[in-house]
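In what follows, a single structure is set out as structure tokens and then discussed.
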Amino acid sequence: MSKHVAVLLGGWSAEREVSLASGRACCKALEEQGYRVTPIDVQPDIATVVQATAPDVVFNALHGRGGEDGTMQGLLEILRIPYTHSGVLSSALAVQKDKAKLVMAAAGVPVPKGIVVNRFDAAKSHVLPAPYVVKPVDEGSSLGVIIVREDRSHPPQELLREDWAFGEKVLVESYVAGRELTCAVMGDRALGVIDIRPATGVFYDYDAKYAKGGSIHVLPAEIKPNIYQKVQELALTAHQALGCRGISRADLRYDDTPGGTGELVVLEVNTQPGMTETSLVPELAAHAGYSFGELVRWMVEDATCNR
Numbered sequence: 001m002s003k004h005v006a007v008l009l010g011g012w013s014a015e016r017e018v019s020l021a022s023g024r025a026c027c028k029a030l031e032e033q034g035y036r037v038t039p040i041d042v043q044p045d046i047a048t049v050v051q052a053t054a055p056d057v058v059f060n061a062l063h064g065r066g067g068e069d070g071t072m073q074g075l076l077e078i079l080r081i082p083y084t085h086s087g088v089l090s091s092a093l094a095v096q097k098d099k100a101k102l103v104m105a106a107a108g109v110p111v112p113k114g115i116v117v118n119r120f121d122a123a124k125s126h127v128l129p130a131p132y133v134v135k136p137v138d139e140g141s142s143l144g145v146i147i148v149r150e151d152r153s154h155p156p157q158e159l160l161r162e163d164w165a166f167g168e169k170v171l172v173e174s175y176v177a178g179r180e181l182t183c184a185v186m187g188d189r190a191l192g193v194i195d196i197r198p199a200t201g202v203f204y205d206y207d208a209k210y211a212k213g214g215s216i217h218v219l220p221a222e223i224k225p226n227i228y229q230k231v232q233e234l235a236l237t238a239h240q241a242l243g244c245r246g247i248s249r250a251d252l253r254y255d256d257t258p259g260g261t262g263e264l265v266v267l268e269v270n271t272q273p274g275m276t277e278t279s280l281v282p283e284l285a286a287h288a289g290y291s292f293g294e295l296v297r298w299m300v301e302d303a304t305c306n307r
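Below you can see the structure in the form of structure tokens.
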């Protein structure tokens, strides 16, 4: 008898639409793998709905607040239902970028220099020498990210908008020029490295991530073999330092610009990476020999409590 898998998708975070796309893709693939699948668009009554659904496993396809920050993981631990991805502590830790950086740095992982400030202070004056990056401390999908260039005389006034939806605290980090690299970890194995090149614009923003043709993925990344291996080592070290389980994806910057610093830093670790048709993890898994169906099957079979 096939396992009954409840796929959690949607939710109420700023990344709801991405989660819906991830969840639908996973539902289709899991059904094709022979599982009995129940999609659940997560609402505040999720505890009641999951109990009534009585799945063998929960596939967590949520992104952002409520689904990726330890909240859903805690609920599933209480209900004693095996689930995919990372557990309570690692999920809560990884989503708080400033706290995660402290843990990664303690494990020897290089991270960009930065400080946490109130968004109004960051809009009042330059809190770091330009160029620098301003980002919410606990959002994903590059939501709310602002790059302040050297030629920008005034601090980012976008932070003063009344409809700013990303919290009062922001992380301000030194900008690292060069390449945007990413590497997934599957269990205890680092997969390949992708060099992400935005088709338009200057960085891998929300549209570049999720719009078809929004970015060019070079896999394997065309970097020196020792740097390629170093990226894999850092992704695995960061995954382990944060206590991640199942699948994670580390995002890095590598300055190989002419006359550049050669700096290689880990920006963050995503404990619930996107699983859409344009997402990076399915592409990295395919490069390692796993079809999309085999990838989601591996995730379901890896699911446990006490993660």
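So in UniProt numbering, the last spot in the sequence shown is 307, and the numbers never skip.
For glycine and all other residues, C-beta sits at the position ideal for the given N, C-alpha and C.
Distance, residue j Cα to residue i Cα
| i | j | result |
| --- | --- | --- |
| aspartate 205 | threonine 71 | With a pLDDT of 43 at aspartate 205, under the threshold of 50, the modelled position of this residue cannot be trusted; read the value that follows with caution. Straight-line Cα distance between these residues: approximately 26 Å. |
| valine 296 | alanine 52 | 24 Å |
| tyrosine 210 | valine 145 | Residue placement at tyrosine 210 is poorly supported in this model, since its pLDDT is 44, which falls under 50; the coordinates still yield a value, given next. Cα to Cα, tyrosine 210 sits roughly 16 Å from valine 145. |
| isoleucine 223 | proline 131 | 24 Å |
| glutamate 158 | alanine 123 | 8 Å |
| alanine 286 | phenylalanine 120 | 44 Å |
| phenylalanine 166 | aspartate 138 | 8 Å |
| glutamate 263 | lysine 169 | 27 Å |
| leucine 280 | proline 273 | 8 Å |
| glutamate 31 | leucine 9 | 16 Å |
| glycine 246 | aspartate 151 | 42 Å |
| alanine 106 | alanine 94 | 14 Å |
| leucine 128 | glutamate 301 | 46 Å |
| residue 357 | cysteine 26 | Because the chain is modelled from 1 through 307, residue 357 falls outside the range shown and cannot be assessed. |
| threonine 237 | proline 220 | 20 Å |
| glycine 66 | glycine 243 | 19 Å |
| isoleucine 227 | threonine 257 | 14 Å |
| glutamate 77 | arginine 149 | 44 Å |
| serine 215 | valine 231 | 20 Å |
| tryptophan 298 | arginine 24 | 17 Å |
| serine 90 | isoleucine 147 | 28 Å |
| serine 174 | proline 136 | 15 Å |
| leucine 143 | alanine 303 | 29 Å |
| valine 176 | aspartate 56 | 44 Å |
| leucine 79 | histidine 4 | 16 Å |
| leucine 75 | tryptophan 164 | 29 Å |
| valine 50 | aspartate 255 | 46 Å |
| isoleucine 194 | glutamate 233 | 14 Å |
Residue(s) in a DSSP beta bridge with residue i
| i | result |
| --- | --- |
| phenylalanine 59 | Val7 |
| methionine 186 | Arg189 and Ile247 |
| serine 86 | Paired residue(s): none; serine 86 is not in a bridge. |
| threonine 38 | Ala6 |
| glycine 114 | Glu173 |
| valine 281 | Looking at the DSSP assignment, valine 281 forms no beta bridge with any residue, so it has no partner. |
| threonine 304 | Tyr83 |
| leucine 252 | Leu181 and Val266 |
| histidine 217 | Ile196 |
| tyrosine 290 | Its beta-bridge partners do not exist; DSSP assigns none. |
| lysine 135 | Leu171 |
Buried/exposed call for residue i, threshold 16 Cβ in 10 Å
| i | result |
| --- | --- |
| arginine 253 | buried |
| histidine 154 | exposed |
| asparagine 118 | exposed |
| phenylalanine 59 | buried |
| glutamate 15 | buried |
| alanine 250 | buried |
| lysine 113 | exposed |
| leucine 102 | exposed |
| isoleucine 196 | buried |
| alanine 208 | Here alanine 208 scores only 43 on pLDDT, less than 50, and its place in the model should not be relied on; the value that follows carries that caveat. Label assigned to alanine 208: buried. |
| isoleucine 81 | buried |
| residue 315 | Residue 315 is absent from the structure shown; the chain starts at 1 and stops at 307. |
| serine 125 | exposed |
| glutamine 229 | exposed |
| proline 44 | exposed |
| alanine 199 | exposed |
| leucine 181 | buried |
| leucine 20 | buried |
| proline 225 | exposed |
Presumed contact (8 Å Cβ cut-off) between residue i and residue j, rounded CB distance
| i | j | result |
| --- | --- | --- |
| threonine 278 | valine 18 | At roughly 10 Å, the Cβ-Cβ gap does not stay under 8 Å, so threonine 278 and valine 18 are not in contact. |
| alanine 54 | valine 269 | Between valine 269 and alanine 54 the Cβ distance is about 32 Å, and since that is not below 8 Å, they are no contact. |
| serine 22 | arginine 307 | About 19 Å; that fails the 8 Å criterion. |
| glycine 178 | glycine 260 | 6 Å |
| glycine 293 | alanine 29 | 5 Å |
| residue 319 | glycine 192 | The requested residue 319 does not occur in the structure, where the chain is confined to residues 1 to 307. |
| valine 42 | glycine 11 | 4 Å |
| serine 248 | threonine 271 | 5 Å |
Under 8 Å between C-beta atoms of residue i and residue j
| i | j | result |
| --- | --- | --- |
| alanine 241 | valine 109 | yes |
| proline 6 | threonine 38 | The sequence given here has alanine at residue 6, not proline. Yes, these two residues count as a Cβ contact at 8 Å. |
| serine 2 | glycine 34 | yes |
| isoleucine 115 | valine 172 | yes |
| cysteine 183 | alanine 235 | yes |
| valine 111 | valine 266 | yes |
| histidine 239 | glutamate 283 | no |
| proline 156 | valine 134 | yes |
| glutamine 73 | tyrosine 83 | yes |
Min CB distance residue i to chain D below 8 Å
| i | result |
| --- | --- |
| arginine 16 | Checking the listed chains, one finds no chain D in this structure; it contains a single protein chain. |
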